[in-house]
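Only one structure is covered here, and it is reproduced in the block below.
Protein chains in written order, with the working numbering: chain A, 237 to 561; chain B, 6 to 149.
Below, the structure is given as structure tokens:
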């Protein structure tokens, strides 16, 4: 078990998401950075859908009540286990009573703590993800707070310390700037409702991520992008990644906790392979949109899968070497 | 439970301190034999007799235990894991060896003070390549 000692922001338990309830209006939830969640689970030999703790703000402290292997992935954080520093994207080992102290986050927006065997909260409608709006899943459907006890699945696996190359390094894009995340998008249903000037503003602007951004959505700030004539649509199905333009002309990117329907015109959609980059973009940071085609989106998906395949293959080799030794 | 590199270092230390030359451990599917070079012991005990403070010929090497490319710092961190003069604990991570997408830690075999980081970032290292030279702390005689 894990005891939460101190928590700063809305930390939550997330797996890859709840995918089979969409038709009933139940959104996916799930890790904002699914690549980091998978990587942490791969390092521990877990099912890649095993639940982990998503930690959006520091400091965060917890105590392990038994010997257990864990992995920290996602944002670059400054962390210590029993006083020993651990680098980013690292697998380590706690002894009963050890305290994990995550002190600061130098870049990225969300850190993931995966444990050997996974966080063992009950499965609700096919997922362990916390659904804040519906107040179910995760631990009692709410953000974690000090004093919470997280059950961990039993695991006897023993691992040594090891790190992996962060996805942000392997999948870095050549045009990435220091504080600007370039996100590939595909134009969406109502793109043609905007004239050339408005479309150009959308592509050429550097969008600031406002403090009104969270797991539900990212609200951006920049020049007003307005349609030729006001667009009022009936609510229709939307998915994480959809970029809507509300009447004020300031884009909203729907994220993992998005509602399943909405009526604002959709100008574009973030490709699946770049959604984790948005999840790791910080409040106050900048986003820029790069127009992408369906085939580019598939190629990007391929690069992401290739990274995860290499991780799995590399980890298998390590475990084989260990058992042969 | 498998025998870790740090366990081997600890066993070697015990052998050196106890005056035993050889130890053999057998577990299912695993045999470990450690032999201490007695010439080193003669030199070591001579210098131990001469001074209680750590002596220069008492250096311990932290070595790579896999083949790959050495990195003194994590690519996301500006500061190297250790710098000369830094006090370290046994088991501390001193650097990384990158193999494919994996980062294997170079681990301190003993507590002490970092004397020099010998390997250069980017250099190819192999099993047993010296990475960091450590001046061990004499037991009961800490530096501070």
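Built from N, CA and C at the ideal position, the CB exists for glycine as well.
Comparing alpha-carbon positions, which option in 466(A), 425(A), 254(A), 405(A) lies nearest residue 368(A)? What you label residue 368(A) is simply residue 132 of the first chain in a count that begins at 1. Comparing Cα-Cα distances from residue 368(A) to each of 466(A), 425(A), 254(A), 405(A), the minimum goes to 254(A).
What residues in the region 293-324 of chain A have a beta carbon less than 9 Å from any beta carbon of chain B? 312, 314, 319, 320, 321, 322, 323, 324
Opening and closing residue of the alpha helix (DSSP H) in which residue 322(A) lies: Working through the first chain from its first residue, we reach residue 322(A) at position 86. Annotation: residue 322(A) is outside any alpha helix (DSSP H); the continuous beta strand (DSSP E) that includes it extends over 320-322.
Out of 417(A), 351(A), 405(A), 334(A), point me to the one whose CA is closest to residue 196(A)'s CA. The question about residue 196(A) has no answer here: the residues shown for chain A are numbered 237 through 561.
Alpha carbon of residue 461(A) to alpha carbon of residue 474(A), nearest angstrom: The residue labelled residue 461(A) in the question sits at position 225 within the first chain. The residue labelled residue 474(A) in the question sits at position 238 within the first chain. Taking the CA atoms as reference points, residue 461(A) sits about 20 Å from residue 474(A).
By DSSP, does residue 341(A) sit in helix, in strand, or in coil? Taking the first chain and counting its residues from 1, the one referred to as residue 341(A) is at position 105. Looking at residue 341(A) - three-state DSSP - the assignment turns out to be strand.
Beta carbon of residue 453(A) nearer than 8 Å to that of residue 268(A): Translated into positions along the first chain, residue 453(A) becomes position 217. Translated into positions along the first chain, residue 268(A) becomes position 32. No, they are not a contact pair.
Does the CB of residue 401(A) have a neighbour CB from chain B at under 8 Å? Mapped onto the first chain, residue 401(A) falls at position 165. Under the Cβ distance rule, residue 401(A) counts among the residues neighbouring chain B, one pair being separated by less than 8 Å.
Evaluate the contact criterion for the region 293-310 of chain A versus the region 530-539 of chain A: three or more CB pairs, one atom per stretch, below 8 Å. no
So, for residue 333(A): in the same chain, excluding its five sequence neighbours on each side, which residues have a beta-carbon less than 8 Å away from its beta-carbon? The residue labelled residue 333(A) in the question sits at position 97 within the first chain. Correct list, in chain order: 299, 300, 301.
Quick test of the definition: if touching needs 3 or more C-beta pairs under 8 Å, does the region 276-296 of chain A touch the region 239-253 of chain A? Counting Cβ pairs under 8 Å, three or more are found: they touch.
Verify the CB distance criterion: does residue 291(A) have a CB-CB separation below 8 Å to chain B? For the purposes of this step, residue 291(A) is taken as the residue at position 55 of the first chain. Chain B, which has no Cβ nearer than 8 Å to the Cβ of residue 291(A), makes this no.
At a Cβ threshold of 8 Å, is residue 149(B) touching chain A? Residue 149(B) sits at position 144 when you count from the first residue of the second chain. Low per-residue confidence applies at residue 149(B): pLDDT is 48, beneath 50, and the placement is therefore not dependable, though the value from the model is reported in the following sentence. It does not: the Cβ of residue 149(B) has no partner Cβ on chain A nearer than 8 Å.
Quick check on the DSSP output: the beta strand (DSSP E) that includes residue 120(B) runs from which residue to which? Along the second chain, read from residue 1 onward, the residue named residue 120(B) stands at position 115. Unbroken beta strand (DSSP E) run through residue 120(B): 117-122.
What residues from chain B crowd round residue 556(A), counting only those whose CB sits closer than 9 Å? Position 320 of the first chain, counted from the first residue, corresponds to residue 556(A). Correct list: empty, because the minimum Cβ distance to chain B is about 13 Å.
Determine, for residue 331(A), whether the minimum Cβ-Cβ distance to residues of chain B falls below 8 Å. Here residue 331(A) corresponds to residue number 95 of the first chain, with the count starting at 1. No, residue 331(A) does not count as interfacial toward chain B.
Any C-beta of chain B under 8 Å from that of residue 406(A): Your numbering for residue 406(A) matches position 170 in the first chain. With 8 Å as the cut-off, residue 406(A) counts as an interface residue toward chain B.
Report the three-state DSSP secondary structure of residue 512(A) (helix, strand or coil). As a first step, residue 512(A) must be located in the first chain, where it is residue number 276. In the structure shown, residue 512(A) sits in a helix (DSSP, three-state: H, G or I).
Could you tell me whether any Cβ in chain B is nearer than 8 Å to the Cβ of residue 397(A)? Reading the first chain from its first residue, position 161 is the one you call residue 397(A). For residue 397(A), a Cβ of chain B is located within less than 8 Å of the residue's own Cβ.
Please list the residues of the region 527-538 of chain A that have a C-beta atom closer than 9 Å to any C-beta atom in chain B, keeping them in chain order. none
Applying the 10 Å Cβ sphere with the 16-neighbour rule, what's the burial state of residue 83(B)? For the purposes of this step, residue 83(B) is identified with residue 78 of the second chain, where counting begins at 1. Burial call: exposed.
For residue 258(A), which three-state DSSP category applies? The count along the first chain starts at 1 and reaches residue 258(A) at position 22. The answer is helix: DSSP assigns residue 258(A) an H, G or I state.
For residue 448(A), I'd like the list of residues in its chain whose CB is within less than 7 Å of its CB, leaving aside the five on either flank, ordered along the chain. The residue given as residue 448(A) occupies position 212 in the first chain. 455, listed in sequence order.
Just how far apart, CA to CA, sit residue 137(B) and residue 337(A)? Residue numbering aside, residue 137(B) sits at position 132 when the second chain is read from its first letter. Residue numbering aside, residue 337(A) sits at position 101 when the first chain is read from its first letter. Spanning the two alpha carbons is a distance of roughly 27 Å.
Have a look at the DSSP bridge pairing and note the partners of residue 250(A). For the purposes of this step, residue 250(A) is identified with residue 14 of the first chain, where counting begins at 1. Residue 250(A) pairs with 288(A).
Would you please verify whether the beta carbon of residue 108(B) is less than 8 Å from any beta carbon of chain A? Mapped onto the second chain, residue 108(B) falls at position 103. At a cut-off of 8 Å between C-beta atoms, residue 108(B) counts as an interface residue with respect to chain A.
For residue 231(A) and residue 325(A), I'd like the C-alpha separation in whole angstroms. Because residue 231(A) is not part of the residues shown, which for chain A are 237 to 561, the question remains open.
So with CB distances below 9 Å, who are the chain A contacts of residue 101(B)? By 1-based counting over the second chain, the position of residue 101(B) is 96. Simply 323, 399.
In the DSSP assignment, find the beta strand (DSSP E) that holds residue 444(A) and state where it starts and stops. What you label residue 444(A) is simply residue 208 of the first chain in a count that begins at 1. It spans 443-445 - the beta strand (DSSP E) in which residue 444(A) sits, taken as one unbroken run.
Please report whether the beta-carbon of residue 4(B) lies at a distance below 8 Å from any beta-carbon of chain A. Because chain B spans 6 through 149 in this model, residue 4(B) falls outside it and cannot be assessed.
Residue 330(A) and residue 317(A): beta carbons closer than 8 Å? One-based indexing of the first chain puts residue 330(A) at position 94. One-based indexing of the first chain puts residue 317(A) at position 81. Yes. Within cutoff.
Helix or strand or just coil, what does DSSP make of residue 297(A)? On the first chain, position 61 is the one that residue 297(A) refers to. Looking at residue 297(A) - three-state DSSP - the assignment turns out to be strand.
Which residues, taken in chain order from the region 65-80 of chain B, show a beta carbon closer than 8 Å to some beta carbon of chain A? 79, 80
Do you know offhand how far residue 294(A)'s Cα is from residue 86(B)'s? Position 58 of the first chain, counting from 1, holds the residue named residue 294(A). Position 81 of the second chain, counting from 1, holds the residue named residue 86(B). Between residue 294(A) and residue 86(B), the alpha-carbon positions lie close to 22 Å from each other.
Is residue 74(B) helix, strand or coil when you go by DSSP? For the purposes of this step, residue 74(B) is identified with residue 69 of the second chain, where counting begins at 1. Strand, per DSSP.
Mind pulling the chain B residues with CB within less than 7 Å of residue 547(A)? Mapped onto the first chain, residue 547(A) falls at position 311. Here the neighbours are 106.
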